[in-house]
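Visitor: The structure that follows is given in the form of structure tokens.
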Amino acid sequence: MSSSKRSTIIVEHLRKQQMWDALSRGKRLDGRDFSETRQLVIETDIIKKANGSARVKLGDTEVIAGVKVETGEPFEGLENKGALILSAEVLPTASPYIEPGPPDEEVVELARVVDRGVRESEMIDLEKLVLVPGKIVYTIFVDCSILNADGNLFDATSYATVAALLTAKLPIFEMQDQKVVDSGNTQPMPVTSMPVSITAARIGDHVLIDPSAEEEACMDSRITITTTDEGFCATQKGHTGSFMPDQIKKAAEAATIKGKEVRARLKELLVNNG
Amino acid sequence: MSQARNLIDETGKRIDGRGFDELRNVKITVGPVKNADGSAFIEFGKNKILAAVYGPREVHPKHMALPDRCVLRCRYHMSPFSTDTRKNPAPSRREVEISKVMREALEPALMLQDYPRAAIDVYVEVLQSDGGSRCAGITAASVALADAGISMHDLVASCAAGKVDNKIVLDINDEEDKEGQADMPVAYMPRLEQVTLLQLDGRLAPEQFNECLDKAIGGCKMVYEIQKQALMQKYFGNETELKEETQ
Numbered sequence: 001m002s003s004s005k006r007s008t009i010i011v012e013h014l015r016k017q018q019m020w021d022a023l024s025r026g027k028r029l030d031g032r033d034f035s036e037t038r039q040l041v042i043e044t045d046i047i048k049k050a051n052g053s054a055r056v057k058l059g060d061t062e063v064i065a066g067v068k069v070e071t072g073e074p075f076e077g078l079e080n081k082g083a084l085i086l087s088a089e090v091l092p093t094a095s096p097y098i099e100p101g102p103p104d105e106e107v108v109e110l111a112r113v114v115d116r117g118v119r120e121s122e123m124i125d126l127e128k129l130v131l132v133p134g135k136i137v138y139t140i141f142v143d144c145s146i147l148n149a150d151g152n153l154f155d156a157t158s159y160a161t162v163a164a165l166l167t168a169k170l171p172i173f174e175m176q177d178q179k180v181v182d183s184g185n186t187q188p189m190p191v192t193s194m195p196v197s198i199t200a201a202r203i204g205d206h207v208l209i210d211p212s213a214e215e216e217a218c219m220d221s222r223i224t225i226t227t228t229d230e231g232f233c234a235t236q237k238g239h240t241g242s243f244m245p246d247q248i249k250k251a252a253e254a255a256t257i258k259g260k261e262v263r264a265r266l267k268e269l270l271v272n273n274g
Numbered sequence: 275m276s277q278a279r280n281l282i283d284e285t286g287k288r289i290d291g292r293g294f295d296e297l298r299n300v301k302i303t304v305g306p307v308k309n310a311d312g313s314a315f316i317e318f319g320k321n322k323i324l325a326a327v328y329g330p331r332e333v334h335p336k337h338m339a340l341p342d343r344c345v346l347r348c349r350y351h352m353s354p355f356s357t358d359t360r361k362n363p364a365p366s367r368r369e370v371e372i373s374k375v376m377r378e379a380l381e382p383a384l385m386l387q388d389y390p391r392a393a394i395d396v397y398v399e400v401l402q403s404d405g406g407s408r409c410a411g412i413t414a415a416s417v418a419l420a421d422a423g424i425s426m427h428d429l430v431a432s433c434a435a436g437k438v439d440n441k442i443v444l445d446i447n448d449e450e451d452k453e454g455q456a457d458m459p460v461a462y463m464p465r466l467e468q469v470t471l472l473q474l475d476g477r478l479a480p481e482q483f484n485e486c487l488d489k490a491i492g493g494c495k496m497v498y499e500i501q502k503q504a505l506m507q508k509y510f511g512n513e514t515e516l517k518e519e520t521q
């Protein structure tokens, strides 16, 4: 358990014992194998006011991501690139332990790890999102709301973000008399790759893919590995424990295999979207 | 990431003249902060970082205390003058995240159950920044914790590896971090063979992941030796090797 605060559920001692017994027999309490993910449901274009949106359910974890496109100044040092800003909020609806307020360090980490996957994979070709070089660029906001938290917020938020960006319709802005005007037309996002994160939890010597909230409450350490078709693009070890190097290498292998499966699901969205 | 210039020349030297497996200069001084229970100052390339440890001490606010173990708190902070453009002194999201991963990188080394109802505070202040400040910070913090006499399973040594001009190299500096292709900071307890921090920013081909991880762990082992030397220097003067006790 994190030493600073409690934001996860408390698992009863007997239930923990049950979990350890099950793990030693090669099973998880919900009947899954160690490398089995929960059911993944992805819906897109659910918020009509957003330029792109997605609702992802990963087991009972539920996340909505919304994309809003505006124009603004480029970031310092990145004058010839569009800006991408990602935020995440665990809503007070998500669990009895969440209180409204500014994001705590766990939520800051969540948003930064998801952002890292999108940014480092260069999923969006930001160089195509410039109106006046050095002055005015497209600013893409991706805001993620966690509606229900049942473990593995990292992957659910990552999939929702990627699904919303993939299916977003980019408004075409034009410069008229030195002013930005919305032309009323849209085009698809300039997508170059598809980052997919896979998170695993270590409990004792066992490494479990896609941990539930109950498993996270019992875990020693966590690792999130993000891949694209070309290879690895982001990694984050989390929680208070450690990993043996070989456990990390195995998790990287699993992230490659499982990542491919999820990427196939995300590619379907593109086909269905035309 | 597009590259404006070559970061490795024809002779296989990096922009600061190092080979692929070479660390920057590392110097650790133990105990520079007199008021602290333990402290360390590290110069790691151009990084200048101070780490100070207070505790075990009473927990404030009291409700944060844990009945069975000690609370570990960690703050990573960059001074406003530590960077090229002035850094706003308020904690950024980056610093919040680094404080968290730093605490989680140090915690596996500590025997926190030895100090129930107490707190240990670790303050890491970056006075001058270069690439790899979180690794240098963890390295210094771990030495400061040892200097404070906290019960530990092992020291935590930290070092990054990364990809520059398609080559996997050890210990990325600032330019290589900004213009290179990938950065993988790792913290490692060499005696226990446990990885306590692992992050990756940037793209690695499938076969490069393990290579990069192994290289970073190798770097951690080099840093570990420097940490031990620094502690020996303070506590045993110029005798830089532990003498076998004659039975």
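In order, the protein sequence lines correspond to chains R and L. Heads up: the first sequence runs through residues 1 to 274, numbered per the numbering used here. Heads up: the second sequence runs through residues 275 to 521, numbered per the numbering used here. Cβ atoms here follow ideal geometry from the backbone N, Cα and C, with glycine treated the same way.
So, for isoleucine 277 of chain R: in the same chain, excluding its five sequence neighbours on each side, which residues have a beta-carbon less than 8 Å away from its beta-carbon?
Guide: Lying outside 1 to 274, the shown extent of chain R, residue 277 of chain R is not represented and no answer is given.
Visitor: Leaving out the 5 sequence neighbours to the left and right, which residues in its chain are closer than 7 Å to aspartate 155 of chain R when beta-carbon positions are compared?
Guide: The residue given as residue 155 of chain R occupies position 155 in the first sequence. Excluding positions up to five away in sequence, the list reads Leu58, Ser197, Ile198, Thr199, Asp210.
Visitor: Quick check on phenylalanine 232 of chain R - is its C-beta less than 7 Å from some C-beta in chain L?
Guide: As a first step, residue 232 of chain R is located in the first sequence; it is residue number 232 there, counting from the start. Phenylalanine 232 of chain R counts as touching chain L.
Visitor: Is there a Cβ from chain A that is less than 7 Å from the Cβ of glutamate 109 of chain R?
Guide: Here the protein chains are R and L, and chain A is not one of them.
Visitor: Report the residue from L/Glu317, L/Pro382, L/Ile424, L/Asn280 whose alpha carbon sits nearest the alpha carbon of alanine 310 of chain L.
Guide: Taking the first residue of the second sequence as 1, we reach residue 310 of chain L at position 36. The residue with the shortest Cα to Cα distance from alanine 310 of chain L is L/Ile424.
Visitor: Taking the DSSP output, what are the residues bridged to tyrosine 397 of chain L?
Guide: What you label residue 397 of chain L is simply residue 123 of the second sequence in a count that begins at 1. Note: tyrosine 397 of chain L sits in a beta bridge opposite L/Ala326, L/Arg349.
Visitor: For the alpha helix (DSSP H) containing serine 158 of chain R, list its first residue and its last residue.
Guide: Your numbering for residue 158 of chain R matches position 158 in the first sequence. It spans 153-167 - the alpha helix (DSSP H) in which serine 158 of chain R sits, taken as one unbroken run.
Visitor: Could you tell me the alpha carbon to alpha carbon distance between aspartate 388 of chain L and aspartate 342 of chain L, rounded to whole angstroms?
Guide: Counting from one through the second sequence, the residue named residue 388 of chain L turns up at place 114. Counting from one through the second sequence, the residue named residue 342 of chain L turns up at place 68. Their Cα atoms are separated by approximately 9 Å.
Visitor: Would a check of beta-carbon distances place threonine 139 of chain R closer than 7 Å to chain L?
Guide: As a first step, residue 139 of chain R is located in the first sequence; it is residue number 139 there, counting from the start. No, because no Cβ of chain L sits closer than 7 Å to the Cβ of threonine 139 of chain R.
Visitor: So, do the region 437-446 of chain L and the region 335-351 of chain L have three or more beta carbon pairs nearer to each other than 8 Å?
Guide: The region 437-446 of chain L, when compared against the region 335-351 of chain L, does not touch it at the 8 Å Cβ threshold.
Visitor: Please list the terminal residues of the continuous beta strand (DSSP E) segment that includes valine 142 of chain R.
Guide: Translated into the one-based positions of the first sequence, residue 142 of chain R becomes position 142. First-last of the beta strand (DSSP E) with valine 142 of chain R: 136-148.
Visitor: Sort L/Val333, L/Cys486, L/Lys508 by Cα distance to alanine 393 of chain L and report the nearest one.
Guide: Locating residue 393 of chain L in the second sequence gives position 119, where the first residue counts as 1. Checked all of L/Val333, L/Cys486, L/Lys508; the closest Cα to alanine 393 of chain L is L/Val333.
Visitor: Using beta carbons (cut-off 7 Å, strictly below), is glutamine 277 of chain L in contact with chain R?
Guide: Residue 277 of chain L sits at position 3 when you count from the first residue of the second sequence. Here the model assigns glutamine 277 of chain L a pLDDT of 48, short of 50, so the residue's position is not dependable and the matter cannot be decided.
Visitor: Using CA atoms only, rank isn't needed, just tell me which of R/Asp30, R/Glu79, R/Phe34 is closest to alanine 254 of chain R.
Guide: What you label residue 254 of chain R is simply residue 254 of the first sequence in a count that begins at 1. Closest by alpha carbon: R/Phe34.
Visitor: Whether or not the region 72-91 of chain R and the region 120-137 of chain R are in contact is what I'm after, with contact meaning three or more pairs of Cβ atoms, one per stretch, closer than 8 Å; do they touch?
Guide: Verdict: yes, contact present.
Visitor: What residues in its chain sit with their C-beta under 6 Å from that of alanine 54 of chain R, if we drop five residues either side in the sequence?
Guide: Mapped onto the first sequence, residue 54 of chain R falls at position 54. Thr44, Ala65, Ala160, Ala163, Ala164, listed in sequence order.
Visitor: List in chain order: all unbroken beta strand (DSSP E) runs of 3+ residues lying wholly within the region 165-243 of chain R.
Guide: If we require 3 residues or more, the beta strand (DSSP E) runs fully inside the region 165-243 of chain R come out as 169-176, 179-188, 196-203, 206-209, 221-228, 231-238.
Visitor: Contact criterion: CB-CB distance below 7 Å. Does threonine 240 of chain R meet it with respect to chain L?
Guide: Position 240 of the first sequence, counted from the start, is the residue given in the question as residue 240 of chain R. Chain L, which has a Cβ nearer than 7 Å to the Cβ of threonine 240 of chain R, makes this yes.
Visitor: So, is the C-beta of serine 3 of chain R closer than 7 Å to a C-beta in chain L?
Guide: Start at 1 with the first residue of the first sequence, and residue 3 of chain R comes out as number 3. Caution is warranted here: a pLDDT of 40 is assigned to serine 3 of chain R, below 50, making its placement in the model unreliable, and no coordinate value can be reported.
Visitor: Let me check one thing: in DSSP terms, what residues is valine 262 of chain R bridge-paired to?
Guide: Your numbering for residue 262 of chain R matches position 262 in the first sequence. Answer is none; valine 262 of chain R lacks a bridge partner.
Visitor: Jot down the residue ranges of each uninterrupted alpha helix (DSSP H) in the region 414-499 of chain L, minimum 4 residues, whole runs only, in chain order.
Guide: Listed in chain order, the complete alpha helix (DSSP H) runs (minimum 4 residues) inside the region 414-499 of chain L are 448-453.
Visitor: Of the residues L/Glu499, L/Asn484, L/Ile500, L/Tyr509, which one's Cα is nearest the Cα of lysine 250 of chain R?
Guide: Taking the first sequence and counting its residues from 1, the one referred to as residue 250 of chain R is at position 250. Out of L/Glu499, L/Asn484, L/Ile500, L/Tyr509, L/Asn484 has the C-alpha closest to the C-alpha of lysine 250 of chain R.
Visitor: By DSSP, does glutamate 43 of chain R sit in helix, in strand, or in coil?
Guide: Counting from 1 along the first sequence, the entry for residue 43 of chain R is found at position 43. Strand at glutamate 43 of chain R.
Visitor: Taking only beta-carbon atoms, is arginine 298 of chain L less than 7 Å away from chain R?
Guide: The sequence position of residue 298 of chain L within the second sequence is 24, counting from 1. No, its Cβ sits nowhere closer than 7 Å to a Cβ of chain R.
Visitor: For glutamine 501 of chain L and cysteine 344 of chain L, what's the separation of their Cα atoms in angstroms?
Guide: By 1-based counting over the second sequence, the position of residue 501 of chain L is 227. By 1-based counting over the second sequence, the position of residue 344 of chain L is 70. Rounded to whole angstroms, glutamine 501 of chain L to cysteine 344 of chain L spans 24 Å at the Cα level.
Visitor: Please tell me whether asparagine 272 of chain R has its Cβ less than 7 Å away from any Cβ of chain L.
Guide: Numbered from its first residue, the first sequence carries residue 272 of chain R at position 272. Chain L, which has no Cβ nearer than 7 Å to the Cβ of asparagine 272 of chain R, makes this no.
Visitor: Does any residue of chain L bring its CB to less than 7 Å from the CB of phenylalanine 173 of chain R?
Guide: Working through the first sequence from its first residue, we reach residue 173 of chain R at position 173. It does not; no Cβ of chain L falls within 7 Å.
Visitor: For a contact defined as C-beta to C-beta under 7 Å, what are the partners of aspartate 428 of chain L on chain R?
Guide: Locating residue 428 of chain L in the second sequence gives position 154, where the first residue counts as 1. By Cβ distance, chain R contributes nothing, its closest Cβ being about 10 Å from aspartate 428 of chain L, past 7 Å.
Visitor: Roughly how many angstroms separate the alpha carbons of leucine 269 of chain R and isoleucine 42 of chain R, rounded to a whole number?
Guide: Counting from 1 along the first sequence, the entry for residue 269 of chain R is found at position 269. Counting from 1 along the first sequence, the entry for residue 42 of chain R is found at position 42. Rounded to the nearest angstrom, the two C-alpha atoms are 9 Å apart.
Visitor: Looking at the unbroken beta strand (DSSP E) that takes in valine 67 of chain R, where does it start and where does it end?
Guide: In the first sequence, residue 67 of chain R corresponds to position 67, counting from 1. Element bounds for valine 67 of chain R: 61-72.
Visitor: Would you check if the region 109-116 of chain R and the region 76-94 of chain R touch, i.e. whether three or more CB-CB distances between them fall below 8 Å?
Guide: Yes, the region 76-94 of chain R touches the region 109-116 of chain R.
Visitor: For the alpha helix (DSSP H) that leucine 110 of chain R lies in, which residues bound it at each end?
Guide: Counting from one through the first sequence, the residue named residue 110 of chain R turns up at place 110. From DSSP, the alpha helix (DSSP H) with leucine 110 of chain R extends over 105-120.
Visitor: Less than 8 Å between the CB atoms is what I'm expecting for valine 67 of chain R and leucine 131 of chain R, so what's the real figure, rounded?
Guide: As a first step, residue 67 of chain R must be located in the first sequence, where it is residue number 67. As a first step, residue 131 of chain R must be located in the first sequence, where it is residue number 131. That pair is no contact at about 18 Å.
Visitor: What does DSSP give as the partner residue(s) for glutamate 89 of chain R in the beta ladder?
Guide: Sequence index remark: in the first sequence, residue 89 of chain R carries index 89 (1-based). In the DSSP output, where bridge partners are listed per residue, glutamate 89 of chain R has R/Ser145.
Visitor: As an exercise, report each continuous beta strand (DSSP E) stretch of at least 3 residues that is fully enclosed by the region 282-337 of chain L, in chain order.
Guide: Complete beta strand (DSSP E) runs here, min 3: 300-304, 312-318, 321-332.
Visitor: Kindly list, in the order they appear in chain L, the residues whose Cβ is closer than 8 Å to that of phenylalanine 75 of chain R.
Guide: On the first sequence, residue 75 of chain R is found 75 positions in, with the first residue counted as 1. Ordered by position in chain L, no residue passes the 8 Å Cβ test against phenylalanine 75 of chain R, which lies about 12 Å from the chain.
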